[in-house]
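Residue numbers (our numbering): 185 to 567.
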């Protein structure tokens with residue numbers, strides 16, 4: 185195999201991979217480094233179109249008040265990206281509806297955590313604010329039967345179209361000189377003497393590269409194990425989302441989504457009805473997850489205890505989507521410590537929609553820093 189030292193492959197065409205590919209093309213592509221001096225970015229996706237799995241299976245909520253201090257700078261950055269886009273990638277107006285959100289607490293300890301989250305978010309430039317239980321119920325009258333002692337309102341949150349952003353990333357990446365290969369199944373990541381050398385494909389051909397970004401979501405653990413590496417504890421889980429065709433009027437003046445942190449359930453308007461989930465999580469293999477109708481009674485009980493106004497709403501349809509996360513819920517992001525030229529943008533734990541832009545930025549920065557280090561050492565990574 186003739187090694188191509190000027191190619192970076194992004195493996196996975198979901199929102200994280202698409203963001204990484206566009207940010208890489210922006211930072212290191214030919215058009216931004218000078219013709220013939222940059223490298224080629226190629227995104228490889230096994231499906232016939234991008235974003236066919238987790239990107240399209242979620243509730244599409246952009247939530248700036250993430251629950252861990254380490255992620256909040258990323259979630260606020262991602263939230264602001266959805267609100268404003270960038271000069272180099274203006275977002276279509278239909279890609280995001282700024283609706284605000286309201287996170288709810290029924291336990292004193294959770295209310296204290298919410299207060300800390302809001303203070304941190306405000307320090308990062310967010311207009312988030314704490315609400316008393318009385319104000320929550322005044323603004324959202326249907327919460328009068330819900331257990332709560334405080335809430336956190338985040339006005340810059342909203343409802344997104346993740347697939348629209350995924351496609352926008354990829355169109356811009358291709359327009360700027362990158363390439364997109366759909367219906368291209370990768371059988372293995374090729375490594376020689378501890379260095380990435382490309383991928384082998386199901387049709388028997390190979391793509392050479394000196395760097396690879398693993399953004400394969402639920403398929404990432406399998407690729408890691410195939411390299412003899414630990415899967416970094418990445419678990420793949422199924423979550424159900426339910427819809428009713430009626431009920432939107434109940435939340436007519438409410439923020440775009442309500443999320444009860446102690447009872448772990450959320451609800452938002454979807455057309456003339458409501459979309460809701462009890463945040464279930466069951467281990468699941470990669471692929472299209474099968475729905476489990478036996479969970480409906482348990483889901484209904486959880487939702488009714490959290491949001492009693494949902495009790496009599498009929499569930500018209502439901503589906504399951506995949507989430508990947510590690511035991512500590514930290515993203516697997518950045519340079520791999522064992523294989524040279526391997527980078528990660530995976531295990532985003534349900535934060536992929538909110539954090540897509542910063543995940544892509546950080547990935548591209550990591551590849552760029554690695555490349556510059558190779559140049560300093562006299563090991564020409566790309567040219």
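Even glycine gets a Cβ: it sits at the ideal position worked out from N, Cα and C.
Remember, predicted model here, so these are calculated numbers, not experimental data.
So, is the C-beta of residue 212 closer than 8 Å to a C-beta in chain B? Given the protein chain composition of this structure (a single chain), no chain B is represented.
Does the contact criterion of 3 or more C-beta pairs under 8 Å hold for the region 338 to 345 versus the region 372 to 382? no
Would you call the region 480 to 491 in contact with the region 443 to 452, where contact means no fewer than 3 C-beta pairs closer than 8 Å? yes
From residue 425 to residue 206, what does the alpha carbon distance come to, in whole angstroms? C-alpha separation (whole angstroms): 30 Å.
Note down the Cα distance separating residue 548 from residue 204, rounded to an integer number of angstroms. 6 Å
Which term fits residue 344, buried or exposed, when burial requires 16 or more other beta carbons within 10 angstroms of its beta carbon? With 16 or more Cβ atoms within 10 Å of its Cβ, residue 344 is classed as buried.
Kindly indicate the opening and closing residues of the beta strand (DSSP E) around residue 198. For residue 198, no beta strand (DSSP E) encloses it, and the DSSP letter there is neither H nor E.
Just the C-alpha distance for residue 171 and residue 457, rounded to the nearest angstrom, thanks. A question about residue 171 goes unanswered here, because the residues of the chain that appear run from 185 up to 567.
Quick one, are the C-beta atoms of residue 520 and residue 528 less than 8 Å apart? yes
Helix, strand or coil for residue 219? Go by DSSP, reduced to three states. Low local confidence applies: a pLDDT of 48 at residue 219 is under 50, so the model's placement there is unreliable, with the coordinate-based value given in what follows. Looking at residue 219 - three-state DSSP - the assignment turns out to be coil, as it is neither helix nor strand.
Who are the Cβ neighbours of residue 403 in its own chain at under 7 Å, not counting the five residues just before and after it? 470
Excluding the 5 residues preceding and the 5 following residue 219 in the sequence, name in chain order all residues of the same chain whose CB lies nearer than 7 Å to its CB. Bear in mind that the predicted position of residue 219 carries a pLDDT of just 48, short of 50, making it unreliable; the figure below should be weighed with that in mind. None.
Considering just the uninterrupted stretch of the alpha helix (DSSP H) at residue 546, what are its terminal residues? 536 to 560
Opposite residue 193 in the DSSP bridges: which residues? 226 and 396
Strictly by DSSP, which residues pair up with residue 326? Note: residue 326 sits in no beta bridge, so no partner.
Name the two residues that bound the continuous alpha helix (DSSP H) containing residue 490. 480 to 490
Nearest residue (CA-CA) to residue 428, options 408, 460, 435 and 405: 460
For residue 308, does the three-state DSSP call read helix, strand or coil? coil
Alpha-carbon to alpha-carbon, residue 464 and residue 485: Going from the Cα of residue 485 to the Cα of residue 464 covers about 13 Å.
In chain order, what residues of the same chain lie with their CB nearer than 7 Å to the CB of residue 560, ignoring the 5 residues before and after it? none
Report the option in 408, 254, 259 and 275 whose CA atom is closest to the CA atom of residue 355. For residue 355, the closest alpha carbon among the candidates 408, 254, 259 and 275 is that of 275.
Starting from residue 379, trace the beta strand (DSSP E) in both directions and tell me its first and last residue. Element bounds for residue 379: 379 to 385.
If you count every other CB in all the chains shown that lies within 10 Å of the CB of residue 254, and 16 or more means buried, which is it? In summary, residue 254 is exposed, with fewer than 16 beta-carbon neighbours lying within 10 Å of its beta-carbon over all protein chains present.
For residue 237, which three-state DSSP category applies? If DSSP states are grouped into helix, strand and coil, residue 237 belongs with coil.
So residue 537 and residue 346 are in contact, right, with Cβ under 8 Å, and what is the actual spacing, rounded? Rounded, the Cβ-Cβ distance is 5 Å, consistent with contact.
Closest by CA to residue 318, which one among 312, 500, 444 and 334? 334
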